[in-house]
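Reading through the structure tokens given below for one structure.
In full-length UniProt numbering, the protein residues as written are 1 to 247.
Here it is in structure tokens:
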């Protein structure tokens, strides 16, 4: 089912939000999403006084009625154990249906704890709950189904979305605020399209392109690169660039 096909549009309630972690659509017109979100939020509230809860993917199965997949992220300064969160979520959610395994991944960065998790659930009983839910809007070329990405696969996906080519990519940080993205593609790439996708992270680009018979090499230097927006996309794969980027 298409991503937006699962949401009932509500022109008064549906809007967008932007923060250092990315871009989000605020959904209030889907009762099943609101119900699952409320269960997760109530569970987390027993473990942390202050926190933010984000939905990274909400997918309704097109063939199995009331079968849902959720990927989510909690950010908090409270030191929540990943095993404890997994246990408490399992206890709460299993009361309302048949629940698959919940694996929790934890990342600590700049004094914040980020906990990521995914689960499948076949809902057997639910309530009509209206909640304002933040759902991730990833960069163009990035699919929520691919989360968590590696850094190489994330930018490979962006470059290949904007080309008819097979690409390989590398992300490096020249300093705390400047990222360098190198890509080698087998064919033509739409540079403007790539810059549009990367505007999710930065608005200030310097680009260079070198072409040969067999490949196209692209180098992009992005200033004021928002590396925090990588966190919901990479999960603990963010550690791959952690050593070369400070708070």
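Heads up, the beta-carbon is just placed ideally off N, CA and C, and yes, glycines get one too.
Listed in chain order, the beta strand (DSSP E) elements of length 3 or more contained wholly in the stretch 129-156 are 133-137. The DSSP-derived three-state label of residue 102 is coil. Cβ neighbours of residue 186 within its own chain (closer than 7 Å, five residues either side excluded): 165, 166 and 215. Beyond the five residues adjoining it in sequence on each side, residue 145 comes within less than 6 Å, by CB distance, of no other residue in the same chain. Judged by beta-carbon spacing, residue 22 lies within the 7 Å limit of residue 229, meaning their Cβ atoms are closer than that value. Annotation for residue 60: the continuous beta strand (DSSP E) segment containing it runs 52-60. Distance check between residue 209 and each of 226, 155, 161 and 184 places 184 closest, using alpha-carbon atoms only. A contact is defined here as three or more CB-CB pairs under 8 Å, and the stretch 211-225 fails this definition with respect to the stretch 134-142. By the beta-carbon neighbour count (other beta carbons within 10 angstroms, threshold 16), residue 172 is exposed. For residue 22, the beta-bridge partners assigned by DSSP are 19. Counting only the Cα atoms, residue 193 lies some 31 Å from residue 62. Excluding residues up to 5 positions away in sequence, 16, 135 and 137 lie with their Cβ nearer than 6 Å to the Cβ of residue 25 in the same chain. A direct Cα-to-Cα measurement between residue 127 and residue 31 gives close to 8 Å.
Taking all protein chains in view, the Cβ of residue 20 is surrounded by fewer than 16 other Cβ atoms within 10 Å, so the residue is classified as exposed.
A distance below 7 Å separates the beta carbons of residue 51 and residue 44. The criterion of a C-beta distance shorter than 7 Å is satisfied by residue 102 and residue 90. Shown here, residue 204 sits in a strand according to DSSP, grouped into three states. Annotation: residue 65 to residue 59 spans about 12 Å, alpha carbon to alpha carbon. When DSSP states are grouped into helix, strand and coil, residue 90 belongs to the helix group. Within the DSSP bridge table, the entry for residue 72 names 55 and 117 as partners.
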